[in-house]
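Following the numbering used here, the numbering of the sequence shown begins with 608 at its first residue and continues without gaps.
Beta carbons are placed, not taken as given, at the ideal position from N, Cα and C, and that holds for glycine.
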Amino acid sequence: MGKRILLLGAPGAGKGTQSKRLAETYGVEHVTTGDALRANKDMETEYGTPRSFMEKGELVPDAVVNEIVEAALEDADGYVLDGYPRNLSQAEYLTEITDLDAVVYLNVAESELVERLTGRRVCDDCGTNFHVKFNQPEEEGVCDDCGGELVQRDDDTEETVRERLSVFEENTEPVIEHYRDEGVLVEIDGEQTPDEVFEDIRSVVDDA
Ligand code: AP5
Ligand code: MG
Ligand code: ZN
Numbered sequence: 608m609g610k611r612i613l614l615l616g617a618p619g620a621g622k623g624t625q626s627k628r629l630a631e632t633y634g635v636e637h638v639t640t641g642d643a644l645r646a647n648k649d650m651e652t653e654y655g656t657p658r659s660f661m662e663k664g665e666l667v668p669d670a671v672v673n674e675i676v677e678a679a680l681e682d683a684d685g686y687v688l689d690g691y692p693r694n695l696s697q698a699e700y701l702t703e704i705t706d707l708d709a710v711v712y713l714n715v716a717e718s719e720l721v722e723r724l725t726g727r728r729v730c731d732d733c734g735t736n737f738h739v740k741f742n743q744p745e746e747e748g749v750c751d752d753c754g755g756e757l758v759q760r761d762d763d764t765e766e767t768v769r770e771r772l773s774v775f776e777e778n779t780e781p782v783i784e785h786y787r788d789e790g791v792l793v794e795i796d797g798e799q800t801p802d803e804v805f806e807d808i809r810s811v812v813d814d815a
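Next up, the structure:
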């Protein structure tokens, strides 16, 4: 059985950056509600489209994301879960559908998060993350991995970033406390370089 890794962190903490590497290193699935929702932004649900929530920085209703995660985990032999759970009700749901081998929290200060998000550029084809300052592509606007075009995410404007951070504080910080209280949370300094952060996560997962 592959490792089952939960990666927690605020918007911009580096979940996507590290998940991609972890999935490759451990040969497990990268399960991410954010990417799944972006790929289905205009899907009609009884609550409206994902886009109508995401562009405001709000959470998409639990029923929609719970179903995405349950379907993805069912098929996976090991996974890195990124972007879920984001509130206590999702955390309860997750407990019912799977066990976890490692729960890792990437801790990054809020001022750093705003700079990371507003400067992020994402490959339109393969989803690789870059940053205008911290992680520049070799050629401006072009993906190093696949040559695709680098674009800014709709929700990476300063105003929406502030809203996402406040939604995180209100809804997701209690989730982090929940895993801390259970004694399973391992906190990692997310302000190190991406390589250093990766090595720290790796030593946690290897011991799990
Ligand atoms: P989602 O896509 O999950 O966004 P997020 O949680 O806001 O997180 P991000 O993807 O913005 O950040 P990240 O931690 O992945 O950072 P990254 O590695 O890119 O969710 C989007 C929306 O979907 C939500 O707002 C909500 O509407 C909806 N949604 C998703 N899941 C949901 C759920 N479960 N329930 C309800 N709604 C849901 O890094 C950021 C930048 O920093 C990059 O430019 C990167 O190059 C740079 N960087 C990374 N690491 C470092 C480092 N160590 N040093 C310097 N720079 C770094
Ligand atoms: Mg992400
Ligand atoms: Zn690419």
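Inter-residue Cα distance where the pair is residue i and residue j
i	j	result
GLY748	ARG723	17 Å
GLU806	GLU653	43 Å
TYR700	PRO692	9 Å
GLU677	GLY754	33 Å
VAL729	MET661	16 Å
TYR569	LYS610	Here the chain has residues from 608 to 815 only, and residue 569 is not among them.
MET817	LEU792	Nothing about residue 817 can be reported from this structure: the residues present for the chain run from 608 to 815 only.
ALA630	LEU707	15 Å
PHE775	ASP684	29 Å
ARG658	HIS785	29 Å
GLN697	ASN673	7 Å
ILE808	THR779	20 Å
THR735	HIS637	13 Å
GLU756	ILE795	32 Å
ASP813	LEU713	17 Å
THR767	GLY623	19 Å
ASP732	ALA643	14 Å
THR656	HIS738	29 Å
Supposed contact pair residue j and residue i - C-beta distance, whole angstroms, cut 8 Å
i	j	result
VAL715	GLY641	Not quite, the Cβ-Cβ distance comes to about 17 Å (not below 8 Å), so this is no contact.
PRO801	GLY621	7 Å
GLU745	ASP751	6 Å
SER626	VAL687	4 Å
With 16 other Cβ atoms within 10 Å as the buried cut-off, status of residue i
i	result
GLN743	exposed
SER773	exposed
ILE612	buried
GLY616	buried
ALA709	buried
SER718	exposed
VAL635	buried
GLY797	buried
ILE783	buried
THR702	exposed
VAL804	buried
GLY664	buried
VAL671	buried
Host beta strand (DSSP E) of residue i (start-end)
i	result
ASN778	ASN778 -> no beta strand (DSSP E), and no H or E assigned at all.
VAL749	Counting along the chain, VAL749 falls outside any beta strand (DSSP E), and DSSP gives it neither H nor E.
LEU613	611–616
TYR712	709–714
PHE737	736–738
Endpoints, alpha helix (DSSP H) assigned at residue i
i	result
ARG658	657–661
ASN673	669–681
ARG723	717–725
Which residues end up in the neighbourhood of ligand 3 when you take C-beta atoms closer than 6 Å to any of its heavy atoms? CYS730, ASP732, CYS733, THR735, CYS750, ASP752, CYS753 and GLY755
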